[in-house]
DNA sequence: GTTGCAGTTGCAATGAGTTGCACAATAACA
DNA sequence: TGTTATTGTGCAACTCATTGCAACTGCAAC
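Chains as they are written, first to last, in the numbering used here: chain C, 2 to 153; chain B, 2 to 153.
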């Protein structure tokens with residue numbers, strides 16, 4: 002795996018714990034939570050501590066090998082960055098999430114660099130809002146008295 | 002305060018606890034943390050619980066009266082949205098944060114709407130990256146062996 | 001007035017994630 | 001090979017934030 006090489010190139014140790022975490026993120030389709038990673042690591046080696054998982058994830062994040070995204074579920078999800086880079090639109094009404102191309106963020110990235118000299122890390126964004134289907138519904142449900150106050 | 006009217010218009014009760022939280026956010030210059038709000042509320046009325054503060058903040062957030070931003074400090078900051086809307090660029094190296102105009106996000110917002118039919122809530126963004134001053138430094142400190150591995 | 005009920009609060013428990021510290025594993029080097 | 005310095009791990013304690021639940025509040029209907 003290319004990640005393992007990067008880790009070692011950067012002078013970090015490739016410990017069994019780190020290999021297991023990397024393996025599991027690699028095997029998982031899509032985004033995976035820290036708790037899930039921990040559980041799967043423990044199936045192989047039951048003595049790995051959750052803090053080690055978190056520390057490994059933070060290290061991989063720092064090296065831009067994985068992305069960390071809050072999809073509004075109460076915990077954070079991780080994903081390998083080698084895959085085609087994409088981001089997520091999360092509907093605050095129906096909860097569905099939709100991928101969108103990294104391309105869409107490039108103008109913003111360029112603008113921040115040009116106007117503010119700021120090199121933005123746009124590894125993975127989750128943008129909240131209303132999806133196409135929920136947009137009309139939300140528009141109507143303005144006042145609270147009718148039905149259910151537009152609670153999410 | 003306009004917020005109090007909005008709260009009542011939407012059919013929510015304007016309780017003393019909520020008034021105190023709103024007051025304090027209003028009086029505070031810039032962003033304020035939940036813990037800070039709680040402490041200041043308790044100076045006036047010592048029996049208010051932190052969970053009430055959080056619940057009030059979540060309600061105000063839902064009504065788009067305040068914005069919630071993770072500036073990477075280990076806790077979240079809140080701010081009234083009536084003020085001139087702006088966002089933050091947070092340097093992951095020196096920790097400084099710089100405001101940027103909401104204007105810069107409008108093209109992205111328009112693009113998401115046009116291409117995906119998605120109405121993005123862009124109340125307050127904190128974008129991480131490298132500021133103008135730290136950019137050259139980071140470029141050099143690639144390999145870990147020299148100095149301190151580019152730790153943040 | 002009192003009953004019913006939705007909305008709200010305080011409290012305690014819980015969950016996700018982080019940190020400090022002692023010890024273990026590895027690297028560096030004589 | 002043995003010694004020392006550095007890095008990484010496990011554990012426990014901690015922080016920030018959320019949740020479940022019982023009790024309280026305001027208001028409308030009777």
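Glycine is no exception: its CB is placed at the ideal position from the N, C-alpha and C atoms. Computed from a prediction, not measured in an experiment: that's the story for all the values here.
Query	Result
Beta carbon proximity, residue 76 of chain C to chain B, threshold 9 Å	no
Residue 32 of chain B versus residue 47 of chain C - alpha carbon distance	43 Å
Minimum Cβ-Cβ distance from residue 120 of chain C to chain B less than 9 Å	yes
Contact set for residue 3 of chain C: own chain, Cβ-Cβ below 8 Å, skip 5 residues either direction	83
For residue 117 of chain C and residue 119 of chain B, believed in contact at Cβ under 8 Å, the rounded distance	Going by Cβ atoms, the distance from residue 119 of chain B to residue 117 of chain C rounds to 26 Å, so no, they are not a contact pair.
Cα-Cα separation, residue 17 of chain C to residue 77 of chain C	23 Å
Cβ neighbour criterion (16 or more within 10 Å) applied to residue 15 of chain B	exposed
Whole-angstrom distance between residue 132 of chain B and residue 96 of chain B, CA atom to CA atom	9 Å
Alpha helix (DSSP H) segments (min. 4 residues) lying fully within the region 49-131 of chain B	51-63 and 107-117
CB of residue 27 of chain C within 9 Å of CB of residue 70 of chain C, strictly	no
Local conformation of residue 154 of chain B per DSSP, three classes	Examination of residue 154 of chain B is not possible in this model, given that chain B is present from 2 through 153 alone.
Given residue 65 of chain B as reference, the closest of C:134, C:129 and C:137 once Cα atoms are compared	C:129
Coil, strand or helix - residue 137 of chain B by DSSP	helix
Identity of the residue in C:52, C:22 and C:62 nearest residue 44 of chain C by Cα	C:22
Cβ of residue 55 of chain C within 9 Å of any chain B Cβ	no
Residue 80 of chain C classed as buried or exposed, judged by whether at least 16 other C-beta atoms fall within 10 angstroms	buried
Integer-rounded CB distance, given that residue 55 of chain C should sit under 8 Å from residue 35 of chain C	6 Å
Near-chain C residues of the region 113-137 of chain B - C-beta to any C-beta below 8 Å	113, 116, 117, 118, 119, 120, 121, 122, 123, 128, 129, 130, 131, 132, 133 and 136
Straight-line Cα distance separating residue 106 of chain C from residue 88 of chain C	9 Å
Chain-ordered neighbours of residue 94 of chain C on chain B, where CB pairs are closer than 8 Å	Under the 8 Å cutoff, chain B gives no residues; its nearest Cβ is about 10 Å from residue 94 of chain C.
Short CB-CB distance (under 9 Å) between residue 105 of chain B and chain C	yes
Contacts of residue 90 of chain B in chain C (Cβ-Cβ under 8 Å)	113, 117, 119 and 121
For residue 5 of chain C, the three-state DSSP class (helix, strand or coil)	helix
Backbone CA spacing between residue 163 of chain B and residue 121 of chain B [nearest angstrom]	Any property of residue 163 of chain B remains undetermined from this structure, which presents chain B solely from 2 to 153.
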